[in-house]
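The sequence shown lines up with residues 169 to 527 when you count with the working numbering.
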Amino acid sequence: MTFNRTLSRSPYMEFAKLRSSATYNLAGSGMAAFPLAELGVSISDLEINGPTIYGYAPLNKAIAKRYRVPVECVVAANGTAMANYLALAATVNPGEEILVEEPTYSLLLDAARYLGLAVKRFRRRTEDFQIDIAELKRAVSKSTKLIVLCNLHNPTGATTSESVLREIGEIAKGVGARVVVDEVYLEMLWQKEPRSAFHLDPQTFISTNSLTKAYGLSGLRCGWVLASPEQAERMWHINDLHGATPVHPGELLSVIAFAKLEMIAAKQKAVLDENRRMLLEALESQSKLEYVWPQHGTVVFPRLKQGSADDFCDRLRSDFDLSVVPGRFFERPQHVRIGVGLATQDVKKSLAQLRKALA
Ligand SMILES: Cc1ncc(COP(=O)(O)O)c(C=O)c1O
Numbered sequence: 169m170t171f172n173r174t175l176s177r178s179p180y181m182e183f184a185k186l187r188s189s190a191t192y193n194l195a196g197s198g199m200a201a202f203p204l205a206e207l208g209v210s211i212s213d214l215e216i217n218g219p220t221i222y223g224y225a226p227l228n229k230a231i232a233k234r235y236r237v238p239v240e241c242v243v244a245a246n247g248t249a250m251a252n253y254l255a256l257a258a259t260v261n262p263g264e265e266i267l268v269e270e271p272t273y274s275l276l277l278d279a280a281r282y283l284g285l286a287v288k289r290f291r292r293r294t295e296d297f298q299i300d301i302a303e304l305k306r307a308v309s310k311s312t313k314l315i316v317l318c319n320l321h322n323p324t325g326a327t328t329s330e331s332v333l334r335e336i337g338e339i340a341k342g343v344g345a346r347v348v349v350d351e352v353y354l355e356m357l358w359q360k361e362p363r364s365a366f367h368l369d370p371q372t373f374i375s376t377n378s379l380t381k382a383y384g385l386s387g388l389r390c391g392w393v394l395a396s397p398e399q400a401e402r403m404w405h406i407n408d409l410h411g412a413t414p415v416h417p418g419e420l421l422s423v424i425a426f427a428k429l430e431m432i433a434a435k436q437k438a439v440l441d442e443n444r445r446m447l448l449e450a451l452e453s454q455s456k457l458e459y460v461w462p463q464h465g466t467v468v469f470p471r472l473k474q475g476s477a478d479d480f481c482d483r484l485r486s487d488f489d490l491s492v493v494p495g496r497f498f499e500r501p502q503h504v505r506i507g508v509g510l511a512t513q514d515v516k517k518s519l520a521q522l523r524k525a526l527a
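Below, the structure is given as structure tokens:
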């Protein structure tokens with residue numbers, strides 16, 4: 169089959185943008201928007217044009233400081249989505265092979281295919297959605313250039329431990345491959361000094377992230393890659409081909425957000441702790457969905473024991489004005505993804521709708 173790049177599209181993004189909204193919304197995976205009014209910004213803090221060259225130096229520094237890495241290892245990007253794109257584009261050539269976990273965040277697959285990469289898969293374990301090292305070893309070959317995963321995992325919320333990441337790093341090194349870890353949900357561990365896969369071995373691991381999901385700051389589009397200085401330089405050059413210059417007011421606001429991240433994290437954590445408690449209670453009180461409870465994060469990925477999950481999602485929407493993400497967007501059509509990052513009073517009402525639907 170010949171690949172027609174000009175017809176590339178992302179069915180999941182189209183769902184997220186056009187068909188996921190509802191009065192009761194459990195389809196999102198991020199925390200509720202953090203209001204500008206609470207960021208404590210005045211107009212004099214902002215400017216339209218700035219000295220952005222390869223990133224805005226104070227923002228690059230803020231990212232480097234938070235992760236305790238040299239600033240040469242930081243590449244600022246338009247959200248984690250662009251960070252992922254740069255990480256793929258700078259490490260693999262068209263036709264070369266990458267191994268992507270399954271299930272996965274579908275934009276990673278869509279971007280890899282757009283870049284003309286040969287995508288092979290390795291399956292996470294069904295029983296707990298953890299990475300199966302034996303399965304990864306079976307799938308990897310001398311042709312593998314890159315292993316791609318998310319930690320926390322989207323759609324299941326599963327956490328990959330550092331010891332498993334080290335094993336993955338060793339497998340990659342054994343065949344001369346690198347590992348890209350999308351860590352956009354890892355910020356939901358709310359660590360003051362966050363650990364990243366990149367710290368384990370900067371030559372092997374590349375991590376991607378943003379202020380989007382944990383902090384409710386999607387509109388800033390403040391994403392980044394942590395990579396070795398040589399890889400980082402390649403990414404800056406590739407970024408030059410894709411809308412080279414960021415929105416400077418966004419960069420200024422992002423620097424302010426980094427300075428206030430602890431305050432933002434404390435507020436979002438309090439909301440998420442309560443929302444997760446309510447979600448667990450709702451799941452425990454029913455018998456139609458079976459689930460693996462993730463230790464962290466906003467999402468859970470239950471399996472509908474009987475019937476079609478697509479029909480179930482349609483009925484949630486038509487009869488209960490409630491939206492969740494159908495599992496088919498994550499290659500698991502019998503599952504649904506439920507996310508509880510929004511304001512607690514909204515999540516409470518949405519979970520009440522879910523309980524009614526499952527009754
Ligand atoms: C795993 C993962 N990576 C990246 C993104 C996109 O992040 P951003 O909005 O920062 O581009 C998402 C959004 O859903 C995601 O789930």
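Just so it is clear, CB atoms sit at the ideal spot from N, CA and C, and this is done for glycine as well.
Beta-bridge pairing of residue i - partner residues as DSSP gives them
i, result
"D350", "C318 and T376"
"N172", "None, per the DSSP bridge assignment."
"K288", "L267"
"W392", "A244 and N377"
"L457", "L472"
"N407", "Paired residue(s): none; N407 is not in a bridge."
"Y192", "L490"
"V439", "BP columns for V439 are empty, so no partner."
"V467", "G507"
Proximity of residue i and residue j at Cβ, strictly below 9 Å
i, j, result
"A450", "L484", "no"
"G342", "L368", "no"
"A311", "E264", "The question names Ala, yet the displayed sequence has Ser at residue 311. Closer than 9 Å, so yes."
"Q382", "S375", "With the sequence shown as reference, residue 382 is identified as Ala, and Gln is not the correct amino acid for it. Going by C-beta atoms, A382 is not nearer than 9 Å to S375."
"R363", "S378", "no"
"L304", "N319", "no"
"G198", "G418", "no"
"T220", "P397", "no"
"D514", "A200", "yes"
"V348", "I315", "yes"
"Y237", "P323", "The sequence shown places Val at residue 237, not Tyr. No."
"W461", "V467", "no"
"V423", "P226", "yes"
Interface flag, residue i vs chain C, CB-CB below 9 Å
i, result
"L285", "Here chain C cannot be found, since the structure has a single protein chain."
Enumerated in chain order, which unbroken segments of the beta strand (DSSP E) with a length of 3 residues or greater are wholly contained in the region 482 to 512? Counting only runs of 3 or more, we get 504 to 507.
Where the beta carbon is closer than 6 Å to any heavy atom of ligand 1, which residues qualify, in chain order? For ligand 1, the selected residues are S197, G247, T248, A249, Y273, C318, N322, D350, V352, S378, T380, S386 and G391.
Report the start-end ranges of each beta strand (DSSP E) in the region 212 to 286 that is 3 residues or longer and not cut off at the edges. Here the runs fully enclosed are 242 to 246 and 265 to 270.
Cβ contact (3+ pairs, closer than 8 Å) linking the region 483 to 499 and the region 177 to 188: The answer is yes - the region 177 to 188 touches the region 483 to 499, with three or more Cβ pairs under 8 Å.
The region 285 to 297 contacting the region 258 to 274, beta-carbon criterion three pairs below 8 Å: Under the three-pair Cβ rule at 8 Å, the region 285 to 297 counts as touching the region 258 to 274.
Does the structure place the region 377 to 397 close enough to the region 430 to 442 that three or more beta carbon pairs sit under 8 Å? A contact exists between the region 430 to 442 and the region 377 to 397.
Assess contact between the region 241 to 248 and the region 294 to 301, defined as three or more Cβ pairs (one per stretch) separated by less than 8 Å. Is contact present? The region 241 to 248 and the region 294 to 301 do not touch, with fewer than 3 CB-CB distances between them shorter than 8 Å.
What are the start and end residues of each continuous alpha helix (DSSP H) run of 4 or more residues lying completely inside the region 295 to 345, in chain order? List check, alpha helix (DSSP H) in window: 301 to 307 and 330 to 342.
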